[in-house]
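Student:
There are 2 protein chains.
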Amino acid sequence: MNHSDDPPRPSRRRLLAGAAGLAAAGVVGRARANDANLPPNVASWSKTLGDGVGVRPYGKPSPFEKDVVRRDVQWLTASRESSVSFTPLHDLDGIITPNGLCFERHHGGITEIDPHDYRLMLHGLVDKPLIFTLEDLKRLPRVNRIYFLECAANSGMEWRGAQLNGCQYTHGMIHCVMYTGVPLKLLLEQAGLKTNAKWLHVEGGDSSGMNRSLPLHKALDDCMIAYRQNGEMLRPEQGYPVRLVVPGWEGNIWIKWLRRIKVGDEPWYTREETSKYTDLLENGKARKFTFEMDAKSVITSPSPQVPVKGKGFLVISGLAWSGRGKVTRVDVSLDGGRNWRTAKIDGPVLDKSCVRFYAETEWNGQELLLQSRAMDDTGYVQPTKDDLRKIRGVNSIYHNNGIQTWAVKPNGEVENVEVG
Amino acid sequence: MNHSDDPPRPSRRRLLAGAAGLAAAGVVGRARANDANLPPNVASWSKTLGDGVGVRPYGKPSPFEKDVVRRDVQWLTASRESSVSFTPLHDLDGIITPNGLCFERHHGGITEIDPHDYRLMLHGLVDKPLIFTLEDLKRLPRVNRIYFLECAANSGMEWRGAQLNGCQYTHGMIHCVMYTGVPLKLLLEQAGLKTNAKWLHVEGGDSSGMNRSLPLHKALDDCMIAYRQNGEMLRPEQGYPVRLVVPGWEGNIWIKWLRRIKVGDEPWYTREETSKYTDLLENGKARKFTFEMDAKSVITSPSPQVPVKGKGFLVISGLAWSGRGKVTRVDVSLDGGRNWRTAKIDGPVLDKSCVRFYAETEWNGQELLLQSRAMDDTGYVQPTKDDLRKIRGVNSIYHNNGIQTWAVKPNGEVENVEVG
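Set out below in structure tokens:
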């Protein structure tokens, strides 16, 4: 590994190469601009009153941002029984995902639950079985935490080689919001655990009855019964009114429309942890209960959906996360992993949350092979795809956290590629 | 001041008084519930496939949350020339405001700017005047920060006494999101400041041409040229595509639809900092350039719009913030300020950001006079309304950070009141 702690910095002179002097304003974008709106003219929108009488009860994005949307891959899953849409990571920055753009994964469509009829059952190996209404849950002590949620199948189509052209599709089954909810530990304490309690069976109220086995130690550690995301109530597609939050673990176990928690002494071996959400190895055996999402990262810009627009100063931007704890460092390579530089992590660095990283460079039309590599506070380093395949083979769908490569072409276009 | 560091805690037995045993499920909410959906029955929504074929490009809140909206006060401002809508603080938790619910304040309606035609001019006492397109700005190094934005007129209707019944109206001109943008310092360095540069004139592209004078030291400290909020591009009503972020300072100077920055050697004394956004004192003199938002807090639940539903364990929840830095402590009183207990601050504590606080109690139908009091890391303590009036009089509209009082009645209803 060739690691440079002192990457070349762009000259300050070139930093603003894109910005023009007053006399030659607006070179970038000129082709599409309306001259009448440009300096020294006063723009049309400054001459007339804007919209906005009274109240706009709930705001929407600008019509000019109509392409910043969740998207699906038609051939992958597009039925009411199994559907998925991907977060437009390439069109976002920072670490918070706006609620309207959080990816979706449904196994029985989006369930609509009347909050007055919502109930959460807690039973099994407990002293006192309980049923909670939504109002009951909202009256309890609560906590607020920013966590990433990644589907175990994120990047799952890339096991056998570069396939989908855009980080929205290769890495878009992740989002990161602030959850508000009740610590699961609190509910379990109230019900009173029997001494032989070891596992929980958690079940959704959707038509698939999505259900998984959750080890008690995790439930007592940091799991939440969440009813809010980014301040407001959960969105319908995220499990309104209540979902389970299992920080750092695969999204499938973050049961949406949560209806039941049963305490037992061993795992249930449900369909979703035997036939699905296990990792088939080369020798035909399958890893099971691989809950934790390993450290991972992706460069979101430039990427296939956001090519490089013109030569000059370039900020490489991306996301990194680890289900094991905090991201401590992200490295970026411009040459497919031969040389690395340490990226700048900007903004809050929180446990089991996304971090935003940036690396600056000059781009003069040369071909680049962009990669990023995350490290976490356990010392874990994100592996190359090849190193991952040596251990895991290519039969798996889940838990692909290999290093992603984007090739930047001389014309600025970007492509999903594999390197040696 | 009688400060109790060891408030009485609710008994664990009573903590879940609202939760029923399996045999008597769902007492709370029963009146509105449909028995057919309640345990031991399988709910209707679990028996049929949910909605969700293909893609939902941009998600929306549940239809059951249709009352969680921004609202205006008709008699206050409801014209295209001057409009305002308030954040529903009583219906939120945590510290992040979802983009669709951030309060609005317009002086010339909501300006619609074609991002291709957008230009930012930077001129005056600089070596090299510059014009930036949106693409220019997006190519530059950027930072991500969670900041609160409070209108100087927030709580302005309360100077002469308790008036508006709901924290949405008394305190709802605040929101808190993650901004992404270019440090203003970077643009100023590129233009090159003349030695006599001291102030900036910042101007919006809206029809009111909103404009203010900004001291250079603040511009060089932490101001941002922001184009994103919570990851996605700014909402139209928040200044799409570019607004100024002036952390901790009154919202009026966070110029939306930012079109021009002129560097000068003294303030401009614009209408918005002479006739408006100055603080008229009892003696007829006015304080000017009172930029900083002092430490402040409000209990968001219970509050007039969210009464207490039934006796038993009660979590008092609220927001606190300070334009001077970090909130270090929040105290809560149940008896109108005679006795205080320290609230628990939960979630990230960031500079010039909101924090969420909680205090727990038992409510058995007794009358309460709820108050909260914020302290920041400069040692500043939020004053009572009366102490504030002694210094400021009641002629002002702006910068009212007095302690708010909610009276909880025996029937659980909550009212905005004044105490002693």
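If you read the protein sequences in the order shown, they are chains C and Y. So the first sequence is residues 1 to 420, counted in the UniProt record's numbering. So the second sequence is residues 1 to 420, counted in the UniProt record's numbering. Quick reminder that beta carbons are idealized off the backbone N, C-alpha and C, glycines included.
1. Would you mind telling me which residues of chain C sit closer than 7 Å to Pro-115/Y, beta carbon to beta carbon, in chain order?
2. At what residue ranges does the stretch 338-397 of chain Y contain a whole run of the alpha helix (DSSP H), taking only runs of 4 or more?
3. Using the beta-carbon count (16 or more within 10 Å), is Gly-21/C buried or exposed?
4. Can you list the residues of chain C that Thr-48/Y reaches, using a CB-CB cut of under 8 Å?
5. Given a limit of 8 Å on CB to CB distance, which residues of the stretch 77-106 of chain C reach chain Y?
6. Taking the C-alpha atoms as reference points, what is the distance between His-171/Y and Glu-418/Y?
7. Mind reading off the beta-carbon distance from Thr-405/Y to Gly-336/Y? Whole number of angstroms is fine, and I expect it under 8 Å.
8. Say whether chain C places a C-beta atom closer than 9 Å to the C-beta of Ala-43/Y.
9. Using Cβ-Cβ distances below 8 Å, what residues of the stretch 280-296 of chain C are close to chain Y?
10. Is there at least one Cβ from chain Y nearer than 9 Å to Trp-257/C's Cβ?
11. Please list, in chain order, all residues of the same chain as Lys-344/Y whose beta carbon is under 6 Å from its beta carbon, the five residues on each side excluded.
12. Look at the alpha carbon of residue 423/Y and the alpha carbon of Asn-154/Y, and state the distance between them as a whole number of angstroms.
13. So, with DSSP's three-state summary, where would you put Pro-183/C?
14. By the 10 Å Cβ neighbour count, where 16 or more other Cβ atoms means buried, how is Thr-97/C classified, buried or exposed?
15. Do we get a CB-CB distance below 9 Å when we pair Leu-350/Y with the residues of chain C?
16. Give the single residue among Arg-373/C, Glu-237/C, Thr-278/C, Trp-199/C whose Cα lies nearest to the Cα of Phe-289/C.
17. Who are the near neighbours of Ser-85/C in its chain, counting only those whose CB is closer than 7 Å to its CB and skipping five residues on each side?
18. Would you mind working out which of Val-394/Y, Gln-74/Y, Gln-229/Y, Arg-139/Y sits nearest Leu-281/Y, comparing C-alpha positions?
19. Residues of the stretch 222-239 of chain Y with a CB closer than 7 Å to any CB of chain C: list them in chain order, please.
20. Quick one: is Asp-93/Y buried, meaning 16 or more other Cβ sit within 10 Å of its Cβ, or exposed?
21. Mind listing the chain Y neighbours of Glu-360/C? Cutoff is C-beta to C-beta under 7 Å, in chain order.
22. With H, G and I counted as helix, E and B as strand and the rest as coil, what does DSSP make of Tyr-169/Y?
23. Does any residue of chain Y have a CB that is nearer than 9 Å to the CB of Phe-313/C?
24. Look up Thr-405/Y in the DSSP assignment and give the residues it is bridged to.
25. In angstroms with no decimal places, state the Cα-to-Cα distance between Val-327/C and Ile-299/C.
26. Cβ atoms of Lys-262/C and Met-121/C: under 9 Å apart, would you say?
27. Applying a beta-carbon distance threshold of less than 9 Å, which residues of chain C neighbour Val-173/Y?
28. Which one or two residues does DSSP pair with Arg-133/C in a beta bridge?
29. For Ser-82/Y, which residues of its own chain have a beta-carbon under 8 Å away from its beta-carbon, when the five flanking residues on both sides are left out?
30. Would Asp-294/C and Ser-322/C qualify as a contact pair, given that the criterion is a beta-carbon distance under 9 Å?
31. Going straight from the alpha carbon of Gly-402/Y to that of Tyr-169/Y, what length do you get?
32. So which residues on chain C does Asn-411/Y lean against when the C-beta distance must stay under 8 Å?
33. Would the beta-carbon of Lys-185/Y fall within 9 Å of that of Asp-221/Y?
34. What residue does the alpha helix (DSSP H) around Ala-197/C start on, and which one ends it?
35. Is it true that the CB of Met-224/C sits closer than 9 Å to the CB of Arg-145/C?
36. If you compare alpha carbons, which of Pro-57/C, Pro-141/C, Val-126/C, Asn-37/C is closest to Arg-119/Y?
Tutor: The short version:
1. Locating residue 115/Y in the second sequence gives position 115, where the first residue counts as 1. Listed along the chain, the chain C residues whose CB falls inside 7 Å of the CB of Pro-115/Y are Phe-64.
2. Counting whole runs of 4 or more residues, the stretch 338-397 of chain Y contains the alpha helix (DSSP H) stretches 385-392.
3. Along the first sequence, one-based indexing puts residue 21/C at 21. Its pLDDT being 44, under 50, Gly-21/C is placed unreliably by the model, and nothing is read from it.
4. Counting from 1 along the second sequence, the entry for residue 48/Y is found at position 48. What Thr-48/Y touches in chain C: Ser-207.
5. Answer set for the stretch 77-106 of chain C: Ala-78, Ser-79, Arg-80, Glu-81, Ser-83, Ser-85, Asp-91, Leu-92, Asp-93, Gly-94, Ile-95, Ile-96, Thr-97, Pro-98, Asn-99, Gly-100, Leu-101, Cys-102, Glu-104, His-106.
6. By one-based count along the second sequence, residue 171/Y stands at place 171. By one-based count along the second sequence, residue 418/Y stands at place 418. So the alpha carbons of these two residues sit roughly 15 Å apart.
7. Here residue 405/Y refers to the residue found at position 405 of the second sequence. Here residue 336/Y refers to the residue found at position 336 of the second sequence. By a beta-carbon distance limit of 8 Å, Thr-405/Y contacts Gly-336/Y. Their separation comes to about 6 Å.
8. Here the question's residue 43/Y lines up with position 43 in the second sequence. Taking 9 Å as the threshold, the shortest C-beta distance from Ala-43/Y to chain C falls below it.
9. For the stretch 280-296 of chain C, the set of positions with a beta-carbon nearer than 8 Å to some beta-carbon of chain Y is empty.
10. Within the first sequence, the letter at position 257 stands for residue 257/C. Chain Y contact via Cβ: present.
11. For the purposes of this step, residue 344/Y is taken as the residue at position 344 of the second sequence. Cβ neighbours of Lys-344/Y beyond the five flanking positions: Tyr-358.
12. Residue 423/Y is absent from the model: chain Y starts at 1 and stops at 420.
13. Position 183 of the first sequence, counting from 1, holds the residue named residue 183/C. Reduced to three states, the DSSP call for Pro-183/C is strand.
14. In the first sequence, the residue the question calls residue 97/C occupies position 97. Answer is buried; the Cβ neighbour count reaches 16.
15. The residue you call residue 350/Y lines up with position 350 of the second sequence. With 9 Å as the cut-off, Leu-350/Y counts as an interface residue toward chain C.
16. In the first sequence, counting from the first residue as 1, residue 289/C sits at position 289. Taking the Cα of Phe-289/C as reference, the smallest distance to any Cα among Arg-373/C, Glu-237/C, Thr-278/C, Trp-199/C is reached at Thr-278/C.
17. Position 85 of the first sequence, counting from 1, holds the residue named residue 85/C. Correct list, in chain order: Arg-70, Arg-71, Asp-72, Phe-103, Glu-104.
18. Residue numbering aside, residue 281/Y sits at position 281 when the second sequence is read from its first letter. Of the listed residues, the one whose Cα sits closest to Leu-281/Y is Val-394/Y.
19. Of all residues in the stretch 222-239 of chain Y, Arg-228, Asn-230, Gly-231, Glu-232, Met-233, Arg-235, Pro-236, Glu-237 have a Cβ within less than 7 Å of some Cβ in chain C.
20. The residue given as residue 93/Y occupies position 93 in the second sequence. Around the beta carbon of Asp-93/Y, a 10 Å sphere encloses 16 or more other beta carbons of the protein chains shown; the residue is thus reported as buried.
21. Taking the first sequence and counting its residues from 1, the one referred to as residue 360/C is at position 360. Within 7 Å Cβ-Cβ: Pro-141.
22. Here residue 169/Y corresponds to residue number 169 of the second sequence, with the count starting at 1. Residue state for Tyr-169/Y is assigned as helix, using DSSP reduced to three classes.
23. The sequence position of residue 313/C within the first sequence is 313, counting from 1. So, interface residue.
24. One-based indexing of the second sequence puts residue 405/Y at position 405. In DSSP, Thr-405/Y forms a bridge with Gln-371/Y, Val-417/Y.
25. Within the first sequence, numbered from 1, the residue matching residue 327/C stands at position 327. Within the first sequence, numbered from 1, the residue matching residue 299/C stands at position 299. Roughly 15 Å separates the two Cα atoms.
26. Position 121 of the first sequence, counting from 1, holds the residue named residue 121/C. Position 262 of the first sequence, counting from 1, holds the residue named residue 262/C. At a Cβ-Cβ threshold of 9 Å, Met-121/C and Lys-262/C count as neighbours.
27. Taking the second sequence and counting its residues from 1, one reaches residue 173/Y at position 173. The sequence given here places Met at residue 173/Y; Val does not occur at that position. For Met-173/Y, no chain C residue has a Cβ inside 9 Å of its Cβ, as the nearest lies near 14 Å away.
28. Numbered from its first residue, the first sequence carries residue 133/C at position 133. In the sequence as displayed, the identity of residue 133/C is Thr instead of Arg. Among the bridge pairs identified by DSSP, Thr-133/C is matched with Arg-119/C.
29. As a first step, residue 82/Y must be located in the second sequence, where it is residue number 82. Around Ser-82/Y, the same chain offers His-106, His-107 as residues with beta carbons nearer than 8 Å, after the five sequence neighbours per side are excluded.
30. Locating residue 294/C in the first sequence gives position 294, where the first residue counts as 1. Locating residue 322/C in the first sequence gives position 322, where the first residue counts as 1. At the C-beta level, Asp-294/C and Ser-322/C come within 9 Å of one another.
31. By one-based count along the second sequence, residue 402/Y stands at place 402. By one-based count along the second sequence, residue 169/Y stands at place 169. Rounded to the nearest angstrom, the two C-alpha atoms are 15 Å apart.
32. As a first step, residue 411/Y must be located in the second sequence, where it is residue number 411. The premise fails here: Asn-411/Y is roughly 17 Å from chain C at the closest Cβ pair, so nothing lies under 8 Å.
33. Counting from 1 along the second sequence, the entry for residue 185/Y is found at position 185. Counting from 1 along the second sequence, the entry for residue 221/Y is found at position 221. A contact, by the Cβ cut-off of 9 Å.
34. On the first sequence, residue 197/C is found 197 positions in, with the first residue counted as 1. Counting along the chain, Ala-197/C falls outside any alpha helix (DSSP H), and DSSP gives it neither H nor E.
35. In the first sequence, counting from the first residue as 1, residue 145/C sits at position 145. In the first sequence, counting from the first residue as 1, residue 224/C sits at position 224. For Arg-145/C and Met-224/C, yes; Cβs fall inside 9 Å.
36. For the purposes of this step, residue 119/Y is taken as the residue at position 119 of the second sequence. Ranking Pro-57/C, Pro-141/C, Val-126/C, Asn-37/C by CA distance to the CA of Arg-119/Y puts Asn-37/C first.
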